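For the sequence shown, the positions run 1 to 434 when the working numbering is used. Written out below as structure tokens is the structure these notes cover.
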Amino acid sequence: MIPFNTMVVLCGTGLLGVVSGIIGSFAVLRRRALMGDALAHAALPGICLAFLILGERHLPALLLGALITGTVGVLVVTTLRHATRIKEDAAIGIVLSVFFGAGVVLLRVIQNMPSGNRAGLDHYIYGKAAGMVVQDVQWIGGVCLVVILAAVLLYKEFTLLSFDTAFAATLGWPTLRLDIVMMGLLVIVTVVGLPAVGVVMMAAMLIIPGASARFWTERLHVMLILAAVFGGLTGIVGTWLSATFSRLPAGPVIVLVAAAIFVVSMTFAPRRGILARTLSHVNLRRRTARQNLLRTMYELVERDLDARPAVTPAALTRLRAWTEPHARRLLAAGARVGLIERTSDGHFRLTDRGLLEAVGVVRTHRLWEMFLIEQAHIATDHVDRDADSIEHVLGADIIRDLEDRLVQLGRWPHGTARPPRSPHEIAVDGGVTP
């Protein structure tokens, strides 16, 4: 049976993770991830000032003070960015350091007061999730509901604002007001989350779930759902670990759980993860090398293609400026997949399958060459190099469009099985045997 207080904290941190993931995703997409950090640090002076004015720790008043100074911090960043030549990252750094410094000074003043030690305001720096009560969960739940409703009702507007603010402005949308609404939600979430995870850790709650979700999808609505799930898991698992292992502060543990989710996402995400991108890069290099080999062998024997003559590794090195060991490695790799066969005298020729694939490779290469000559006006003695840099990533739709366009211009034969001759001279200097 989970104790009631533990259940309260689990609900509070879970909801905080959900709402932080949703609003933080928009901040990440707008490249304003550090704005949450600036907001959290700018809120500390407001908390201290509210305590100094009231002389007691009254949570709504403390949160109101944090909201005011956090908003002031956002306005200062905006003013510095628009009224001066200071870039946004520098403006955020200025606000973050100055406001946090002021908060630390005020915190020291409070601690020197007779009632300062009982104020417990130092918990707002690192957070104290264990001290969360039902009222705190209600506050977080209300904010979570508001943010979810705003994300649903303003989904189209927030989407365009996140990806292309200038285009939204040309459509006549009130981009400034929408930006203020988005930043206002960010301020509110930051302020509400301070008692649980503190000034130092709140930025991580806003940034990491959205950044983690970005690795898994290209669709915004899926990213928002994943960010909410990651944020909720971060809060719940971090709180559970903190409660299970005594003397572990909840805020830092929550952030470490978020960091673990980020590392897993960064490493294992199917398209944008490190492993997937590495495998994709390796496969592209292998495909490029195989296609270059097939095209080179085709060009060497093109004049007598029906006889299917064999070529020597030395001929490949002369035409492609490869080293002979590299050429032999490529030939061996082609032989392993059945594209090339070795003759009895140690030479190499294309198999039926290899010839079929080579025809497709050469066709794509010469289509792109002709397009560059006709449309980009690249000289024929330079076009081979320019085509070589892009032909390996052309999709089937682009290839069909290229062929249709060149056929209409009368620069490409229609319906031929084999590609036409190269528009530039190919220097074949021996190394081809019957």
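Just so you know, even glycine gets a beta-carbon here, dropped at the ideal spot from N, CA and C. For clarity, every value in this text was computed on a predicted model and none was experimentally measured.
Delimiting residues of the alpha helix (DSSP H) encompassing residue i
i      : result
Phe4   : Phe4 to Leu29
Thr165 : Thr165 to Thr170
Val133 : Where Val133 is concerned, there is no enclosing alpha helix (DSSP H), given that its DSSP letter is neither H nor E.
Pro242 : Pro is not the amino acid found at residue 242; the sequence shown has Ser there. Unbroken alpha helix (DSSP H) run through Ser242: Leu220 to Thr244.
Glu88  : Glu88 to Gln111
His41  : Ala33 to Leu54
Ala208 : Reading off the sequence shown, one finds Ile at residue 208, where the question assumed Ala. Thr175 to Arg214 is the extent of the alpha helix (DSSP H) around Ile208.
Leu64  : Leu59 to Ala83
Leu406 : Ala396 to Gln408
Ile125 : His123 to Tyr126
Best match in the options for proximity to residue i [C-alpha to C-alpha]
i      : options                           : result
Cys11  : His377, Gln135, Gly395 and Thr79  : Gln135
Asp401 : Val104, Met370 and Cys48          : Met370
Ala50  : Ala33, Ile68 and Leu34            : Ile68
Ala332 : Arg290, Leu54, Leu153 and Tyr126  : Arg290
Val362 : Gly101, Val192 and Thr288         : Thr288
His347 : Leu372, Glu357, Trp322 and Val311 : Val311
Arg421 : Leu305, Thr217 and His58          : Leu305
Val28  : Thr159, Leu80, Arg85 and Leu248   : Thr159
Ala298 : His365, Ile22 and Ile125          : Reading the sequence as shown, one finds Tyr at residue 298 and not Ala. Tyr298 has its Cα closest to that of His365, out of His365, Ile22 and Ile125.
Gly131 : Met223, Val187, Gly101 and Thr239 : Thr239
Ala61  : Thr78, Val74, Val76 and Ala43     : Ala43
Leu185 : Gly103, Leu145 and Val104         : Leu145
Arg177 : Thr190, Glu157 and Arg31          : Glu157
Arg111 : Glu56, Ala150, Gly93 and Pro309   : For the record, residue 111 in the displayed sequence is Gln; it is not Arg. Measuring from the Cα of Gln111, the nearest candidate turns out to be Glu56.
Gly334 : Gly172, Ile274 and Pro313         : Pro313
Gln408 : Glu374, Leu394, Asp397 and Gly395 : Glu374
Leu34  : Val187, Tyr126 and Glu403         : Val187
Phe215 : Val189, Val237, Val264 and Val253 : Val264
Val72  : Ile180, Met113 and Val104         : Ile180
Lys128 : Arg85, Asn5 and Leu194            : Leu194
Gly142 : Ala358, Pro413, Leu367 and Val18  : Val18
Met7   : Pro413, Ala243, Arg418 and Phe167 : Ala243
Val104 : Pro209, Asp397 and Tyr126         : Tyr126
Cys13  : Thr78, Leu330 and Gly198          : The question names Cys, yet the displayed sequence has Thr at residue 13. Here the closest residue by C-alpha is Gly198.
Glu357 : Gly338, Arg342, Ile148 and Thr267 : Gly338
Thr175 : Leu394, Leu154 and Thr190         : Leu154
Ile208 : Ala260, Phe268 and Ile92          : Ala260
Gly93  : Gly354, Arg303, Thr170 and Ala38  : Ala38
Val189 : Arg318, Phe163 and Gly231         : Gly231
Burial state of residue i (16 or more Cβ within 10 Å)
i      : result
Gln138 : exposed
Leu226 : buried
Leu350 : buried
Pro45  : buried
Ile53  : exposed
Leu161 : buried
Met201 : buried
Leu16  : buried
Asn292 : buried
Val192 : buried
Arg295 : buried
Gly235 : buried
Tyr124 : buried
Arg277 : exposed
Met182 : buried
Val257 : buried
Arg285 : exposed
Asp345 : exposed
His41  : buried
Arg85  : exposed
Ser246 : exposed
Arg32  : buried
Gly36  : buried
Ile2   : exposed
Leu149 : exposed
Ala379 : exposed
Ala269 : buried
Pro114 : exposed
Leu444 : Absent from the structure is residue 444, since the part of the chain shown begins at 1 and ends at 434.
Leu96  : buried
Identified DSSP bridge partners for residue i
i      : result
Ile340 : Leu350
Every unbroken alpha helix (DSSP H) inside the region 265-333 [4 residues or more]: Those alpha helix (DSSP H) runs which fall completely within the region 265-333 and span 4+ residues are 274-301 and 313-320.
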